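Peer 1: Residue numbers (mature numbering (1 follows the signal peptide of the UniProt record, and there is no 0)): -24 to -1, 1 to 428. Could you have a look at this structure, given as structure tokens, before my questions?
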């Protein structure tokens, strides 16, 4: 009996071991398949390119972090509207638009999956930007992020994305340091302030050739966050390289409520041309102070930002006339690229205003990200990252006046971007430089306040 009991126990032991082995065997046979699928997702395969979905998903969450409240709320709304229009075009079917993903509804390589946009408000706070990025990643489960306009906020929000290994595509922050951090997950489509700052001095040299200036005295005025400080640094650098004399160099606290002392210093220096970098509330305040204190120069060369925000002309009206600003986009570029008018008409119909350089860049960044996700055929971060690295969108598929979009493999900066200069004439931003893209003649010098 004891032998039989022992025999039964041995048999039971072997049955249990066999069951465990079978279960383990089932597990090990499925694991390589999952690994193989993941490896396929991380590269752009011919099958994916031909339209076969690598994953079956119906909705793809993308987070967009912008200043939707506070002093830059109007700009944030404009940026968000640009992204919203891009998502509408991606999710719909617009065969007349030669844009990435416009012709098919949704992402064809992901079975027509639609983008779900989740907006977040950073309130112009770097700390809030970082926390919102974390919330979007950990709670909303977004697969990628776009934003965040303010360079200082983009710096912290993208650092959070880097920590979690989530792609972050930036369309409108221009601090050069953003692409010099060695980040693997951060990509930028817009040119940076180093490029834009040099554009100013190339423009001044062209004015010399036309005999409009000879040896002008320059003054610099810029807000003291990361963005403004770097603009000031590069403008001083290029002034020296191009041989221009800077007679005053002033930085001021961002979101100032009074700029009287700064403007008095400018008046005392008697510059011919002012180079200024300000967000919208400061840009409006400075213009009001210039008029109040009768500060006059031949030109104000603005580093866009507040000077191209919709709120700028809404508040200042004719007092905002004649400002020159670096830009990346202007509506009059439609004369050479009719698609710009088609997209702007859609934007104006939905949001009641024309696009500007901010909304156009945010629009473009979202298209670039969605295009990469589609080419990846996957929502896996590594696959999206690799597809971004392989991005090569030609000029004819953009509403921007760029040669295209292609990212440097090390810095992830778009190497095909460039700037233009616009002037406010009769309430419109018109292209005046480079000369071959100009739609209107430059008004030089700007009239004195007493002559307006």
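Don't be surprised by glycine CBs; every beta carbon is placed ideally from N, CA and C. Just so you know, these numbers come straight off a predicted model, no measurement behind them.
Tell me, to the nearest whole angstrom, how far the beta carbon of residue 319 is from that of residue 375; I am working on the premise that it is less than 8 Å.
Peer 2: Indeed, because the Cβ distance is near 5 Å, the residues count as touching under 8 Å.
Peer 1: With DSSP collapsed to three states, give me the class of residue 205.
Peer 2: Residue 205 falls in the helix class under three-state DSSP.
Peer 1: Who are the near neighbours of residue 173 in its chain, counting only those whose CB is closer than 6 Å to its CB and skipping five residues on each side?
Peer 2: Cβ neighbours of residue 173 beyond the five flanking positions: 210, 211 and 214.
Peer 1: Name the residue from 76, 415 and 37 whose alpha carbon lies nearest to the alpha carbon of residue 116.
Peer 2: Of 76, 415 and 37, the residue nearest in Cα terms is 37.
Peer 1: Whole angstroms are fine: how far does the CA of residue 106 sit from the CA of residue 135?
Peer 2: So the alpha carbons of these two residues sit roughly 8 Å apart.
Peer 1: To the nearest angstrom, how far is it from the Cα of residue 373 to the Cα of residue 92?
Peer 2: Near 23 Å, if we compare the C-alpha coordinates of residue 92 and residue 373.
Peer 1: With DSSP collapsed to three states, give me the class of residue 157.
Peer 2: DSSP places residue 157 in coil when its eight states are reduced to three.
Peer 1: CB residue 285 to CB residue 50, shorter than 9 Å?
Peer 2: The answer is yes: Cβ separation under 9 Å.
Peer 1: Skipping 5 residues on each side, what residues in its chain have a beta carbon closer than 6 Å to that of residue 324?
Peer 2: Result list for residue 324: 330, in chain order.
Peer 1: Rounded to the nearest angstrom, what separates residue 43 and residue 256 at their Cα positions?
Peer 2: Spanning the two alpha carbons is a distance of roughly 12 Å.
Peer 1: Tell me the residue span of the alpha helix (DSSP H) that contains residue 324.
Peer 2: It spans 315 to 327 - the alpha helix (DSSP H) in which residue 324 sits, taken as one unbroken run.
Peer 1: At 4 residues or longer, what runs of the alpha helix (DSSP H) sit wholly inside the segment 75 to 145?
Peer 2: Complete alpha helix (DSSP H) runs here, min 4: 102 to 114 and 127 to 140.
Peer 1: Using three-state DSSP, classify residue 23 as helix, strand or coil.
Peer 2: Because the pLDDT at residue 23 is just 32, under 50, the model does not fix this residue reliably, and the value given afterwards should be weighed accordingly. Residue 23 falls in the helix class under three-state DSSP.
Peer 1: Whole angstroms are fine: how far does the CA of residue 175 sit from the CA of residue 122?
Peer 2: Straight-line Cα distance between these residues: approximately 26 Å.
Peer 1: Assuming residue 61 and residue 283 make a contact with CB atoms under 8 Å, what is their CB distance in whole Å?
Peer 2: Rounded, the Cβ-Cβ distance is 23 Å, inconsistent with contact.
Peer 1: If you follow the alpha helix (DSSP H) that residue 360 is part of, which residue opens it and which one closes it?
Peer 2: First-last of the alpha helix (DSSP H) with residue 360: 357 to 365.
Peer 1: With a 10 Å radius around its C-beta and 16 neighbouring C-beta atoms as the bar for buried, classify residue 168 as buried or exposed.
Peer 2: It is buried - the Cβ of residue 168 has at least 16 other Cβ atoms within 10 Å.
Peer 1: With a 10 Å radius around its C-beta and 16 neighbouring C-beta atoms as the bar for buried, classify residue 314 as buried or exposed.
Peer 2: The residue in question, residue 314, is exposed, as its Cβ has fewer than 16 Cβ neighbours within 10 Å.
Peer 1: Considering residue 300, what are the terminal residues of the beta strand (DSSP E) in which it resides?
Peer 2: It spans 300 to 303 - the beta strand (DSSP E) in which residue 300 sits, taken as one unbroken run.
Peer 1: Where does the unbroken alpha helix (DSSP H) through residue 340 begin, and where does it stop?
Peer 2: Counting along the chain, the alpha helix (DSSP H) containing residue 340 begins and ends at 333 to 352.
Peer 1: Look at residue 385 and residue 274 and say whether their C-beta atoms are less than 9 Å apart.
Peer 2: Cβ distance not < 9 Å, so residue 385 and residue 274 don't count as in contact.
Peer 1: Any idea what DSSP makes of residue 417, helix, strand or coil?
Peer 2: In this structure, residue 417 counts as coil in the three-state DSSP scheme.
Peer 1: Under 8 Å, with one C-beta from each stretch per pair, do the segment 219 to 230 and the segment 156 to 165 reach the 3-pair mark?
Peer 2: Touching, no.
Peer 1: What are the start and end residues of the beta strand (DSSP E) that includes residue 243?
Peer 2: Not the beta strand (DSSP E): residue 243 falls in the alpha helix (DSSP H), residues 236 to 245.
Peer 1: Give the single residue among 346, 394, 381 and 417 whose Cα lies nearest to the Cα of residue 89.
Peer 2: Ranking 346, 394, 381 and 417 by Cα distance to residue 89 puts 346 first.
Peer 1: Assuming residue 39 is part of the beta strand (DSSP E), what are its boundary residues?
Peer 2: Segment 35 to 42, the beta strand (DSSP E) holding residue 39.
Peer 1: Find the nearest neighbour of residue 261 within the set 308, 288 and 250, judged by alpha-carbon distance.
Peer 2: Comparing Cα positions, the closest option is 288.
Peer 1: Rounding to the nearest angstrom, what Cα-Cα distance links residue 72 and residue 316 in this structure?
Peer 2: If you take the alpha carbons of residue 72 and residue 316, they lie about 12 Å apart.
Peer 1: Closest to residue 266 by C-alpha separation, out of 236, 103, 290 and 333, would be which residue?
Peer 2: Looking at the Cα atoms, 236 is the closest of the given residues.
Peer 1: Report the residue from 198, 218, 268 and 355 whose alpha carbon sits nearest the alpha carbon of residue 440.
Peer 2: Since the first residue shown for the chain is -24 and the last is 428, residue 440 is missing from the structure and cannot be characterised.
Peer 1: Go through the segment 210 to 279 residue by residue and report every complete run of the alpha helix (DSSP H) that reaches 4 residues or more, in order.
Peer 2: Listed in chain order, the complete alpha helix (DSSP H) runs (minimum 4 residues) inside the segment 210 to 279 are 236 to 245 and 256 to 268.
Peer 1: Is residue 207 near the ligand HEM, judged by its Cβ being under 8 Å from some heavy atom?
Peer 2: Only the bare structure without any ligand can be found here, which leaves the ligand HEM out of the picture.
Peer 1: Can you find at least 3 beta carbon pairs, one from the segment 355 to 364 and one from the segment 140 to 148, that sit closer than 8 Å?
Peer 2: Yes, they touch.
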